[in-house]
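Q:
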Amino acid sequence: MTSVVAIAGGTSGWGRTLIEQLREETDKFQIIVLTRGEPREEEHVKYVQVDYDDIPALAAKLDHYLVQVVISVIGIYEESSSEAQFNLIEAADMSRAVQKFIPSEYSYNTDAKYLEIDPGVKWWLKAAQRLKNSGLQYTRIFFGAFMDFLGLPNVRTNIKSLHVSLIDTVKGRALVPGDGSAIWSLTYSYDAATFIVKLLDLDEWPEYSCCVGDDIDFITTMKEVENAYNRNLQVTHIDADDINTGKTTKVEAALLDCNYSDFSKEDLIGFVMFGGQLLLSGSLHVPREYRLDEKQLGFKPMSLREFLSKTQGGG
4 MTSVVAIAGG TSGWGRTLIE QLREETDKFQ IIVLTRGEPR EEEHVKYVQV DYDDIPALAA
64 KLDHYLVQVV ISVIGIYEES SSEAQFNLIE AADMSRAVQK FIPSEYSYNT DAKYLEIDPG
124 VKWWLKAAQR LKNSGLQYTR IFFGAFMDFL GLPNVRTNIK SLHVSLIDTV KGRALVPGDG
184 SAIWSLTYSY DAATFIVKLL DLDEWPEYSC CVGDDIDFIT TMKEVENAYN RNLQVTHIDA
244 DDINTGKTTK VEAALLDCNY SDFSKEDLIG FVMFGGQLLL SGSLHVPREY RLDEKQLGFK
304 PMSLREFLSK TQGGG
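In case it helps, the working numbering puts the sequence shown at residues 4 to 318.
1. With a cut-off of 8 Å on the beta carbons, I'd call Val167 and Tyr263 a contact; round off their distance for me.
2. Can you tell which of Leu300, Ser188, Thr113, Pro180 has the C-alpha that lies nearest to the C-alpha of Thr197?
3. Tell me which residue opens and which closes the alpha helix (DSSP H) that Trp127 is part of.
4. Would Ile58 pass as a contact of Ala9 if the rule is Cβ separation under 9 Å?
5. For His67, count neighbouring C-beta atoms within 10 Å of its own C-beta (all shown protein chains included) and say buried if the count is 16 or more, exposed if not.
6. Which residues in the same chain as Leu283 place their Cβ atom closer than 8 Å to its Cβ, once the five residues preceding and following it in sequence are excluded?
7. Just verifying my parser: in three-state terms, what is the DSSP assignment at Ser312?
8. Helix, strand or coil, according to DSSP, for Trp187 in the structure here?
9. Quick test of your reading: Gly16 and Asn161, contact by CB under 8 Å. State the CB separation rounded to the nearest angstrom.
10. Indicate the three-state DSSP secondary structure (helix, strand or coil) for Asp244 in the structure shown.
11. May I have a chain-ordered list of the alpha helix (DSSP H) segments no shorter than 4 residues that lie completely inside the stretch 39-84?
12. What distance in whole Å lies between the Cβ atoms of Leu271 and Leu259, which are believed to be in contact at a cut-off of 8 Å?
13. Would Thr113 pass as a contact of Leu134 if the rule is Cβ separation under 9 Å?
14. Looking only at its chain, what residues have a beta carbon closer than 6 Å to the beta carbon of Gly318, apart from the 5 residues adjacent to it on each side?
15. Is Gly318 helix, strand or coil by DSSP?
16. Work out the CA separation of Gly138 and Tyr293 for me, nearest whole Å.
17. Is Ser188 closer than 9 Å to Leu287 when the C-beta atoms are compared?
18. Out of Val36, Leu61, Ala60, which has the shortest C-alpha to C-alpha gap to Val51?
19. Under 8 Å, with one C-beta from each stretch per pair, do the stretch 190-208 and the stretch 90-102 reach the 3-pair mark?
20. Run the CB neighbour count on Glu44, radius 10 Å, all protein chains shown included, and call it buried at 16 or more, exposed below.
21. Using the DSSP secondary-structure output, state which residues sit across from Arg294 in a beta bridge.
22. Can you give the Cα-Cα distance for Glu309 and Lys64, rounded to whole angstroms?
23. What residues in its chain sit with their C-beta under 7 Å from that of Lys303, if we drop five residues either side in the sequence?
24. To the nearest angstrom, how far is the alpha carbon of Thr314 from that of Phe221?
25. Terminal residues of the continuous beta strand (DSSP E) containing Ile162?
26. Since Leu118 and Arg176 are thought to touch, with beta carbons under 8 Å apart, how far apart are those beta carbons, to the nearest angstrom?
27. State yes or no: is the C-beta of Phe145 within less than 9 Å of the C-beta of Val289?
28. Considering only C-alpha positions, which residue in the set Gly123, Ser306, His47, Glu23 is nearest to Gly78?
29. Excluding the 5 residues preceding and the 5 following Phe104 in the sequence, name in chain order all residues of the same chain whose CB lies nearer than 7 Å to its CB.
30. Roughly how many angstroms lie between the CA atoms of Ile170 and Lys226, to the nearest whole one?
31. Round the Cβ separation of Leu281 and Tyr80 to the nearest angstrom and send it over; I've been treating them as touching at under 8 Å.
32. Closest to Gly3 by C-alpha separation, out of Phe274, Ser212, Thr14, would be which residue?
33. Distance, Cα to Cα, Gly154 vs Thr172?
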């Protein structure tokens with residue numbers, strides 16, 4: 004018997020990757036995508052138009068399609084998107100069909116201690132508290148940073164990542180936050196999606212279900228990239244004090260001649276400062292106690308070296 008899984012916000016990016024991996028398991032899952040746009044259908048996927056402001060109607064649609072699991076991949080960047088996810092949790096809890104819920108997080112550890120760096124953490128904590136008070140099974144998932152950007156331009160990916168402002172494999176440039184000793188967790192997006200597919204097979208979920216391809220410091224990350232691409236990166240060190248105080252002079256100079264079709268210069272500079280703070284604070288290093296045993300799922304994500312070997316034609 005197939006399970007009906009609803010993906011909220013899965014029309015592009017990371018959500019698209021998740022749908023692709025779920026679609027490979029059509030004997031197990033029927034996939035519904037909740038969208039504000041016009042309804043449509045593609046192979047093994049049905050798009051259903053919803054209004055996140057109408058909680059009873061949203062609950063009725065979840066019941067109509069007999070949705071058992073809701074996975075939110077709504078990008079939580081502002082109050083309105085946070086409210087859309089919160090309403091979706093309310094509707095799922097109201098629904099008679101929905102049993103499980105995965106909220107949209109997936110990257111860095113959204114602990115309250117990181118509120119000073121990212122005030123938006125309050126939105127994730129609000130969702131987590133509502134789920135804790137619901138009758139739903141839920142689990143929170145962190146992967147660290149998606150390593151896809153380190154495999155450009157050859158990598159298979161749906162993600163346009165601002166992380167290219169830190170290490171750009173195409174332009175051969177790197178901006179190092181602090182002394183480069185800070186450790187971050189890196190996971191390939193398709194491995195992350197496979198992990199979630201495996202997670203759906205478990206009867207019971209812990210509060211946290213995390214998976215990591217590699218834990219590696221920034222300097223070693225650069226060395227792995229240089230070895231894989233057989234080229235030296237042009238490196239600029241950004242002082243930790245500059246990052247923590249918002250001084251952007253060095254960053255602006257380093258990015259002066261870097262133009263990207265997907266991002267503005269302001270976005271890139273802002274992400275170096277924000278991403279640098281996350282890295283230096285440790286929030287991009289996924290806590291080991293949150294991680295599921297790989298043997299339990301029968302799945303091991305690629306390390307950075309394995310990923311680079313594959314994307315650069317070595318495997």
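Think of the CB as a built atom: it goes at the ideal place given N, C-alpha and C, for glycine as much as any other residue.
A: Quick look at the numbers:
1. 7 Å
2. Leu300
3. 124-135
4. no
5. exposed
6. Pro180, Gly181, Ala185, Ala243, Ile246, Asn247
7. helix
8. strand
9. 6 Å
10. helix
11. 58-67
12. Going by Cβ atoms, the distance from Leu259 to Leu271 rounds to 11 Å, so no, they are not a contact pair.
13. no
14. Its pLDDT being 46, under 50, Gly318 is placed unreliably by the model, and nothing is read from it.
15. In this prediction, Gly318 has a pLDDT of 46, which is less than 50 and means its spatial position is unreliable; what the coordinates show is noted afterwards. It is coil, neither helix nor strand.
16. 22 Å
17. yes
18. Val36
19. no
20. exposed
21. Cys213
22. 42 Å
23. Glu297
24. 20 Å
25. Taken as a continuous stretch (DSSP letters only), Ile162 belongs to no beta strand (DSSP E), as it is neither H nor E.
26. Not confirmed; about 31 Å, so no contact.
27. yes
28. Gly123
29. Val73, Ile92, Ala95, Leu134, Leu139, Tyr141
30. 11 Å
31. Not confirmed; about 15 Å, so no contact.
32. This structure does not reach residue 3, given that the chain is present from 4 up to 318, and the question cannot be answered.
33. 7 Å
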